[in-house]
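Here's the structure, in structure tokens; my notes come after.
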Amino acid sequence: MIDTTLLRDDLAAVEKKLSTRGFNFDSKLFSSLETQRKELQVKTQELQESRNQLSKQIGIEKSKGMDSTDIMNEVSKVSSDLKDLETNLLKIQNELQDYLLTVPNLPHDSVPVGKNENDNQVVKESGTIKTYDFEVKDHVDVGFSHGLDFDLGAKLSGARFTFMRGPIARLHRAIAQFMLDTQINDHGYEECYTPFLVNADSLLGTGQLPKFEEDLFSTSRGDDDRLFLIPTGEVPLTNLARELIVDEKELPIKLTALTPCFRSEAGSYGKDTRGMIRQHQFEKVEMVQIVHPDHSYKALDEMVQHAENILSKLELPYRVVSLCTGDMGFGASKTYDLEVWLPSQQTYREISSVSNCEAFQSRRMKARFKDSNKKNHLLHTLNGSGLAVGRALVAILENYQESNGDIGIPTVLQAYMGGIQKISIET
RNA sequence: GGAAGAGUGGCAGAGCGGUUUAAUGCACCGGUCUUGAAAACCGACGUGGGUUCGCGCCCACCGUGAGUUCGAAUCUCACCUCUUCCGCCA
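In terms of this note's numbering, the first sequence is numbered consecutively and its last residue is 1140.
Right, here's the structure in full:
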């Protein structure tokens, strides 16, 4: 949620900034609700004050044995007026809140202005793109003879599900373990294990609800207490700070977890239908940092580096892209994507996304810290993939394929694979 | 799933319909004293919001939500969470 003081002070600036991301802020609606809120709130509080004082008066008079019928009638009148006011106030406050919860974050000044992914800015390219003296296959064909089974996934669950067996399944696990170990041991994140089903409050906190419910899978358990499958580890990790006031000295909080992610992929029909680029279920190692507002952009750079290190160690060619205003996610002030080279597509594909959400999420979830003067302030939250496991598997299958159908194992993964250097076709 | 009990400020804990502005203790912070520390003493000490240039004044919050009442931390109902025991289970 964006800062309401900002909205009251400089509505035009907010409107302009949001328009760069293609969002049309309804200033008329906001102003009208805000005016009503103000009026109702002042009036309501005045009546509450008089009710409190009169009631106290009754108490005093009663203890002296006096008759208070007149005052009691007066309070009675005040209370019935109050009831209507309070109801109206609540209604307006909820309307205001409901609207503001659907408004995306303001982009940081350094974010390139643009409409869509074509306007994103490549800020770095790294690694050497291999040349192959044979016709490269895509990961579906490379993986087929080693246990990557999309038909079985479809049989068990439907489209966009994968079943892995044997060496591919092990490679997948090795990648995940390697990433998690690197984040913990080299980058100083605390390992976490989290729930994979979360409540609506958590999703409201990180911004998936109320606007993006259709992207989520949910479980039914009666009508009211629905739980949702997490679309990313960001949700449970970031919500750790929900409704919390942490001491400044405890910052930064750096968390990581390997979690499955579940996405309905509504609206992506026909996109990436082949292979495991876009799945309903995938694993991801997530990095989350909860930091002092002064340090969030330094943390953002750090986290991009943490994601880059994984790709470097896996010796995969990649580039870093600064997303433009029109391509950024709902909650982000600034986002860098990491894209890995896929030889079969002769292009880079997203494998990590690292975002600084500034106070957008912490304002929604009341995540604060206490400074040395005992003042409370909102924290800044950041999240990033470090990295997506399934897509890393895709990249390795494709970049490490050999002409005879074998798959080389990146050096850093060999220890996780019992020391083998390649996955060979069984003879 | 069944039974019983409990949810009050950072923690402990009183209050169980009206002079509550939520007592008191501990912890934390500031100060006095001290060569320094401890002790003692003094002071400050929850969160969100409204309004004001500001001092300030005011409102809401005692697990959550409804209700009763002139007035609710206190009474009623529902729900949630936790504890203990039983059942089941990895």
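Ideal placement from N, C-alpha and C gives every residue a C-beta, glycine not left out.
Output needed for residue 1037: all residues of its chain with C-beta closer than 6 Å, excluding positions within five of it in sequence on either side, in chain order. As a first step, residue 1037 is located in the first sequence; it is residue number 324 there, counting from the start. Within the same chain, 825, 827, 832, 833 come within 6 Å of residue 1037 by CB-CB distance, once the 5 residues on both sides are set aside.
If contacts are defined as beta-carbon pairs under 8 Å, then residue 974 and residue 951 qualify, I think. What distance do you get, rounded to the angstrom? Sequence index remark: in the first sequence, residue 974 carries index 261 (1-based). Sequence index remark: in the first sequence, residue 951 carries index 238 (1-based). Going by Cβ atoms, the distance from residue 974 to residue 951 rounds to 14 Å, so no, they are not a contact pair.
Opposing strand residues paired with residue 974 [DSSP bridges]: For the purposes of this step, residue 974 is taken as residue 261 along the first sequence, with counting starting at 1. Residue 974 is bridged to 995.
Give me the Cα-Cα distance between residue 1138 and residue 1126, rounded to the nearest whole angstrom. As a first step, residue 1138 is located in the first sequence; it is residue number 425 there, counting from the start. As a first step, residue 1126 is located in the first sequence; it is residue number 413 there, counting from the start. Their Cα atoms are separated by approximately 19 Å.
What does a CB cutoff of less than 8 Å around residue 716 pick up in its chain, not counting 5 residues either side in sequence? For the purposes of this step, residue 716 is identified with residue 3 of the first sequence, where counting begins at 1. Cβ within range, chain order: 1072, 1076.
May I ask which residues mark the beginning and end of the alpha helix (DSSP H) holding residue 922? For this step, residue 922 is matched to residue 209 along the first sequence. Segment: none, residue 922 is in no alpha helix (DSSP H) and carries neither H nor E.
How big is the Cα-Cα spacing for residue 1098 and residue 745? Translated into positions along the first sequence, residue 1098 becomes position 385. Translated into positions along the first sequence, residue 745 becomes position 32. Going by the C-alpha atoms only, they are around 41 Å apart.
Could you pull out every residue in the same chain whose Cβ sits closer than 8 Å to the Cβ of residue 925, ignoring the five residues on either side in sequence? On the first sequence, residue 925 is found 212 positions in, with the first residue counted as 1. Hits under 8 Å: 1043.
Secondary structure at residue 1091, three-state DSSP: helix, strand or coil? Against the first sequence, residue 1091 aligns to sequence position 378. DSSP places residue 1091 in strand when its eight states are reduced to three.
Helix, strand or coil for residue 1040 per DSSP? What you label residue 1040 is simply residue 327 of the first sequence in a count that begins at 1. In the three-state reduction of the DSSP assignment, residue 1040 falls in the coil class.
Within 8 Å, do at least three Cβ pairs link the segment 1014-1022 to the segment 784-800? Counting Cβ pairs under 8 Å, fewer than three are found: no touch.
I'd like to confirm the pairing. Which residues does DSSP put opposite residue 1003 in its beta bridges? Here residue 1003 refers to the residue found at position 290 of the first sequence. Per DSSP, 966, 1094.
Do you know whose CA, among 799, 987, 1026, lies nearest residue 1057's CA? Residue mapping note: residue 1057 aligns to position 344 of the first sequence, counting from 1. Each of 799, 987, 1026 was checked against the Cα of residue 1057, and the nearest Cα belongs to 987.
Mind checking which residues open and close the beta strand (DSSP E) that includes residue 750? For the purposes of this step, residue 750 is taken as the residue at position 37 of the first sequence. DSSP places residue 750 outside any beta strand (DSSP E); the residue lies instead in the alpha helix (DSSP H), whose first and last residues are 740-776.
Report all residues from its chain with a CB closer than 6 Å to the CB of residue 801; omit the five preceding and five following residues, and keep chain order. As a position in the first sequence, residue 801 is number 88, starting the count at 1. If we look at residue 801 and ignore the five residues flanking it on each side, its Cβ neighbours are 753.
In terms of DSSP beta bridges, what is residue 1136 paired with? Here residue 1136 corresponds to residue number 423 of the first sequence, with the count starting at 1. The bridge partners DSSP lists for residue 1136 are 1120.
Spatially closest choice to residue 767 from 839, 789, 1006, 1134, by CA coordinates: For the purposes of this step, residue 767 is taken as residue 54 along the first sequence, with counting starting at 1. Considering only alpha carbons, the answer is 789.
Stretch-stretch touch, CB-based, cutoff 8 Å, three pairs: the segment 874-885 with the segment 1093-1112: Touching, yes, given that three or more Cβ pairs across the two stretches are closer than 8 Å.
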